[in-house]
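Using the numbering used here, read the sequence shown as starting at 2 and increasing by one per residue.
Quick notes on the structure that follows.
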Amino acid sequence: MATAEDSRTGDEREASDPPGPLDRIRATPAGRLTLRIVIGVIGAALVVTGLIMVPFPGPGWLVVFAGLAVLATEFAWASRLLEFAKDRVRGATDWLKRQNWFVRIVASALTLLCAGAIVWVSVRLTLGVDLIQEARDLLG
Numbered sequence: 002m003a004t005a006e007d008s009r010t011g012d013e014r015e016a017s018d019p020p021g022p023l024d025r026i027r028a029t030p031a032g033r034l035t036l037r038i039v040i041g042v043i044g045a046a047l048v049v050t051g052l053i054m055v056p057f058p059g060p061g062w063l064v065v066f067a068g069l070a071v072l073a074t075e076f077a078w079a080s081r082l083l084e085f086a087k088d089r090v091r092g093a094t095d096w097l098k099r100q101n102w103f104v105r106i107v108a109s110a111l112t113l114l115c116a117g118a119i120v121w122v123s124v125r126l127t128l129g130v131d132l133i134q135e136a137r138d139l140l141g
């Protein structure tokens, strides 16, 4: 099984496989350092952007995992963190699948309630608009 370390060092490649573009970059010390810096900056930007997006509706966690996947191409710690996070998400999903319909409905309702509260607070603090009051005014 290929690991993140194998993909970074090329240990798993067949002898007949031509070197890829990243392998050619890694062939020199300056290329290795430059690649690590570029991957680090892009991955960190994705993780930070994703974490900022988490409280809002949208793909916040997906962007965080994508950033970790980018970082895992060059950094072993990111590969371990990504595996840890995937195991935790898989465990929570498996637990929820084993529950009866009532627990699933309550979990879904709590998730939607939390997401709604986060959106309400975010809009209230950033734009100064009270969505609940606006909805009351619109309907009443």
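Ideal Cβ placement from N, Cα and C applies to all residues, glycine included.
Enumerate in chain order the residues of its own chain whose CB-to-CB distance from Arg27 is below 7 angstroms, with the five nearest sequence positions on each side excluded. If we look at Arg27 and ignore the five residues flanking it on each side, its Cβ neighbours are Arg33, Leu36.
Just how far apart, CA to CA, sit Pro58 and Gly44? Each residue's Cα considered, the two are about 22 angstroms apart.
Nearest-angstrom Cβ-Cβ length linking Met54 and Val64, presumed shorter than 8 angstroms: 6 angstroms
Compute the beta-carbon to beta-carbon distance between Arg105 and Leu113, rounded to the nearest angstrom, for a pair I have assumed lies under 8 angstroms. The C-beta separation of Arg105 from Leu113 comes to about 13 angstroms, leaving the pair out of contact by the 8 angstroms criterion.
Identity of the residue in Ile119, Gln134, Arg91, Gly68 nearest Pro56 by Cα: Considering only alpha carbons, the answer is Ile119.
Are Ala86 and Leu69 close, meaning C-beta to C-beta below 9 angstroms? yes
Looking only at its own chain, which residues have a Cβ that is under 6 angstroms from the Cβ of Val124, when we skip the five neighbours before and after it? Spatial neighbours of Val124 in its own chain (CB-CB distance under 6 angstroms, excluding positions within 5 residues in sequence) are listed in chain order as Val130, Leu132.
Would you kindly work out how many angstroms separate the C-alpha atoms of Leu128 and Gln134, rounded to a whole number? 14 angstroms
Going by the CB atoms, is the gap between Leu72 and Val40 shorter than 9 angstroms? Here the sequence assigns Ile to residue 40, which means Val is not the residue at that position. Closer than 9 angstroms, so yes.
Measuring only the C-alpha atoms, how far is Gly1 from Pro30? Here the chain has residues from 2 to 141 only, and residue 1 is not among them.
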